[in-house]
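K.L.:
Could you have a look at this structure, given as structure tokens, before my questions?
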Amino acid sequence: MRLKALLVDDEINILKNLQAVIPWEEFDVEIAGTAKNGEAALAIARAHSPELILCDIRMPVMDGIQFLEALREMGSDAEVIMMTGYQDFSYVRSVIRYEVKDYILKPLDYDELGQTIGRLAEGIRERKTEQQNIQREWRQVFHLAYEKVLYDVLLEVGGSSTKPFLKQHELSGDLSFAMLLADVADYSQKERNWDDKERKLWNFAVHNVLQDYLSSLKIPYTALQVRNGEWCVLIERMPAHAFDRAECEEWARQLREAVERYIKIQIRVALHPAPVSLEKLARAYKNLQRSLSLSGGRDDAVIVPERTKEQSEHSQRLWDRIEEMVTGLKRCDRRKTEGALRELNESFRQLPDGSYERVQPILHYLCLHLLREMRSMDVIQGEDETDCWKQLDRNPGIRETLTVINRLVDRSIDNVMKKKTSDVLMLSARDYIERNLSSDLSIDAMADYLGISGSYFSLLFKQHFGETFVEYVTKQRMEMAKSMLAISDKSITAIGQMVGYAERRYFTRVFSKFTGQLPSEYREQTQDRTGAHGRS
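Note that the UniProt record's numbering gives residue 317 to position 317 of the sequence shown, counting from 1, and the numbers run on in steps of one.
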């Protein structure tokens with residue numbers, strides 16, 4: 001960390017000696033400027049913000065004490081060394097209130113002065129590093145809190161608790177968003193063929209491509225993974241930034257192309273046709289989710305739903321019943337879930353005969369949506385899901401599909417009611433960790449996210465997973481890093497950052513301790529093994 005120094009003295013020889021004798025390069029300090037009086041020094045301080053100032057007291061135009069007073073008034077926290085003769089010792093009392101770091105008497109002992117400068121420079125660096133760490137931690141905490149607020153608003157689980165946060169940080173009012181919903185094409189089918197490790201890897205890979213592309217746009221955005229295979233991208237649009245639909249459609253196309261180009265998997269993207277206020281995020285999200293689910297196998301680059309009366313009549317009521325069932329399951333509300341299921345069955349009993357053919361594909365996609373939500377909540381057993389897929393693979397009619405939905409909901413209600421509050425909390429913790437492996441994860445941040453104390457979180461986590469939070473997160477990060485090293489050509493530094501390690505040296509140390517190999521050795525070994533397997 002290179003520092004800047006300002007030298008102030010009305011004696012030209014002293015200024016020359018200070019520049020020539022003190023080993024500034026050794027201290028990694030550059031001279032930002034020299035001045036013969038306080039007035040000139042103040043101008044240099046405003047322009048260059050030096051961290052270290054050597055200043056005489058008695059000077060023409062503006063003396064050292066007046067300079068110090070003006071320096072502190074402008075908010076500078078530079079470390080100051082005052083230089084003066086014996087006869088000025090009475091000034092010491094005057095400069096104490098301006099937080100002078102040291103007081104050097106003339107004639108100057110340059111060896112002693114050099115030691116003082118070296119010591120102060122090291123102290124400045126330590127303080128600046130600590131401040132940067134605090135600021136980085138605060139930005140991270142704020143970002144996590146902001147994401148949590150948006151996530152809660154999106155899923156309508158935050159209640160009124162989100163408003164004070166937004167008001168405090170001046171994030172409400174005129175704030176609106178461009179909303180995009182990205183969904184891996186045929187995700188439910190793909191996930192059937194993945195084990196848990198592959199599922200995590202594919203979701204992690206898509207998430208990082210989305211983050212990389214959005215970061216390159218230099219726009220204020222938040223990418224929330226709402227469930228496996230699905231991300232809601234919110235791009236802040238203040239009144240000064242008019243909503244440009246064509247621009248948003250281009251972002252959506254570029255997102256889709258980036259994912260397909262880098263990881264060879266297709267995503268579908270839906271764009272809300274207008275800016276969305278904070279209060280309408282949840283409704284807009286459900287509209288986009290419905291549009292993607294009911295668009296079936298359409299391969300449109302970007303889906304921009306334009307709701308019509310016909311579409312509302314055919315699908316809105318059915319979709320609402322499915323959403324009520326999902327909400328009931330998430331809240332462990334048996335009455336709400338069973339009530340929505342009865343209404344869904346009743347809706348089909350009242351359909352005119354001519355509507356069955358038109359409604360059948362809608363019901364099929366609603367069933368896929370319900371199945372996916374249940375899997376994300378971990379309320380469906382493996383054998384039940386396998387049986388459901390066998391039924392759906394036969395392209396059943398409306399009656400058979402309704403039977404599948406009824407069976408799914410009945411069994412899922414039983415599983416939900418068996419879950420303890422602690423199990424639900426730990427499921428949320430696991431999902432959050434998966435979505436945020438590249439971020440700073442801490443016990444306090446996780447506890448705040450779940451609304452419990454840090455000590456209680458640690459206790460629950462150890463009981464549920466059989467290992468500490470740090471051990472679990474490290475293991476997840478290392479497994480993800482191993483997969484990325486094996487299949488990706490990204491640099492080791494980039495992979496380390498993707499799994500939450502800003503410094504390559506620290507990532508290498510943790511990886512070596514976990515695997516017994518350097519990341520480069522592991523990559524070479526796995527790629528050699530893959531090559532040999534391909535040649536055999």
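Every residue gets a Cβ at the ideal spot worked out from N, C-alpha and C, and that includes glycine.
Quick caveat, the model's predicted, so the values are computed rather than measured.
Which residues share a DSSP beta bridge with residue 563?
P.N.:
Residue 563 lies beyond the range of the chain shown here (1 to 536); nothing can be said about it.
K.L.:
From the DSSP output, which residues share a beta bridge with L271?
P.N.:
Bridge partners of L271: L180.
K.L.:
Which value, in whole angstroms, describes the spacing of the CA atoms of R399 and D393?
P.N.:
One C-alpha to the other measures close to 15 Å.
K.L.:
At what residues does the beta strand (DSSP E) containing K4 begin and finish?
P.N.:
Segment 3–8, the beta strand (DSSP E) holding K4.
K.L.:
Is DSSP giving Y456 helix, strand or coil here?
P.N.:
Here Y456 sits in helix by DSSP.
K.L.:
For L344, collect the residues of the same chain with a Cβ closer than 8 Å to its Cβ; drop the 5 residues on either side in sequence, then sort them by chain order.
P.N.:
Closer than 8 Å at the Cβ level, and outside the excluded window around L344, lie L318, R321, I322, M325, L402, I405.
K.L.:
With a threshold of 6 Å on Cβ separation, who are the neighbours of D102 within its own chain once the five nearest residues in sequence on each side are excluded?
P.N.:
Closer than 6 Å at the Cβ level, and outside the excluded window around D102, lie I81, T116.
K.L.:
Is DSSP giving E30 helix, strand or coil here?
P.N.:
Looking at E30 - three-state DSSP - the assignment turns out to be strand.
K.L.:
In the structure shown, what three-state DSSP assignment does E79 receive?
P.N.:
In this structure, E79 counts as strand in the three-state DSSP scheme.
K.L.:
Would L294 be called buried (16 or more neighbouring beta carbons within 10 Å of its own) or exposed?
P.N.:
L294 should be labelled buried.
K.L.:
Could you tell me whether the Cβ atoms of L52 and V29 are closer together than 8 Å?
P.N.:
In this structure, V29 lies closer than 8 Å to L52 by Cβ.
K.L.:
Go through the UniProt domain "HTH araC/xylS-type" (427–525) residue by residue and report every complete run of the beta strand (DSSP E) that reaches 3 residues or more, in order.
P.N.:
Correct list: empty.
K.L.:
What does a CB cutoff of less than 7 Å around D444 pick up in its chain, not counting 5 residues either side in sequence?
P.N.:
Within the same chain, D444 has close Cβ partners G454.
K.L.:
I'd like to check one pair, A185 with Q266: are the Cβ atoms closer than 8 Å?
P.N.:
Cβ distance < 8 Å, so Q266 and A185 count as in contact.
K.L.:
From E191 to L366, what does the alpha carbon distance come to, in whole angstroms?
P.N.:
Straight-line Cα distance between these residues: approximately 17 Å.
K.L.:
Beta-carbon within less than 8 Å of L150's beta-carbon, same chain only, minus the 5 sequence neighbours each way: which residues are those?
P.N.:
Only T222, L224, L234, L281 meet the Cβ criterion.
K.L.:
Could you tell me which of V209, K390, T386 sits nearest to K490, measuring between CA atoms?
P.N.:
Residue V209 is the option with its Cα nearest to K490.
K.L.:
Given 8 Å as the limit, is there contact between the stretch 333–347 and the stretch 420–433, that is, 3 or more CB pairs closer than that?
P.N.:
Output reads no: the stretch 420–433 does not touch the stretch 333–347.
K.L.:
For I362, is the classification buried or exposed, using 16 other Cβ atoms within 10 angstroms of its Cβ as the cut-off for buried?
P.N.:
Classification of I362: buried, given that the 10 Å Cβ count is 16 or more.
K.L.:
When you measure from the CB of A70 to every non-hydrogen atom of the ligand PLP, does any distance come out below 7 Å?
P.N.:
As presented, the structure is devoid of all ligands, the ligand PLP included, so that no description of it is given.
K.L.:
Have a look at L341, R334, A481 and flag the residue whose alpha-carbon is nearest the alpha-carbon of N415.
P.N.:
That would be R334, whose Cα lies nearest to the Cα of N415.
K.L.:
Count the other CB atoms within 10 Å of the CB of R505; is the residue buried (16 or more) or exposed (fewer)?
P.N.:
When all chains shown are included, R505 counts as exposed.
K.L.:
Is the CB-CB distance between L408 and L370 below 8 Å?
P.N.:
Their beta carbons are under 8 Å apart, which means L408 touches L370 by this criterion.
K.L.:
Assuming A270 and L180 make a contact with CB atoms under 8 Å, what is their CB distance in whole Å?
P.N.:
Sure, about 7 Å apart at Cβ, within 8 Å.
K.L.:
Taking 8 Å as the CB-CB limit, is Q391 close to chain B?
P.N.:
As a matter of chain content, chain B is missing from the structure shown, which is built from one protein chain.
K.L.:
Which two residues bound the contiguous beta strand (DSSP E) that contains D102?
P.N.:
Where D102 is concerned, the enclosing beta strand (DSSP E) stretches over 102–105.
K.L.:
Which class does E230 belong to by DSSP, given the choice of helix, strand or coil?
P.N.:
Of the three classes helix, strand and coil, the one that applies to E230 here is strand, per DSSP.
K.L.:
Find the nearest neighbour of D196 within the set A70, L154, R430, R125, judged by alpha-carbon distance.
P.N.:
With distances taken between Cα atoms, D196 lies closest to R430.
K.L.:
CB D63 to CB M83, shorter than 8 Å?
P.N.:
Taking 8 Å as the Cβ cut-off, D63 and M83 do not qualify as a contacting pair.
K.L.:
I need the straight-line Cα distance from T508 to Q476, nearest angstrom please.
P.N.:
Each residue's alpha carbon lies about 15 Å from the other.
K.L.:
Just the Cα atoms here: how many angstroms apart are M374 and L288?
P.N.:
Those two C-alpha atoms are separated by around 19 Å.
K.L.:
Which residue's Cα is closest to the Cα of K106: E79, L18, E39?
P.N.:
Nearest of E79, L18, E39 to K106, Cα basis: L18.
K.L.:
Buried or exposed for R256, please, with buried defined as at least 16 other CB atoms from any protein chain shown within 10 angstroms of its CB.
P.N.:
Flag for R256 reads buried.
K.L.:
Could you spell out where the beta strand (DSSP E) holding L54 opens and where it closes?
P.N.:
First-last of the beta strand (DSSP E) with L54: 52–56.
K.L.:
Is DSSP giving A223 helix, strand or coil here?
P.N.:
Of the three classes helix, strand and coil, the one that applies to A223 here is strand, per DSSP.
K.L.:
Reducing DSSP to helix, strand and coil, say where A35 ends up.
P.N.:
Reduced to three states, the DSSP call for A35 is strand.
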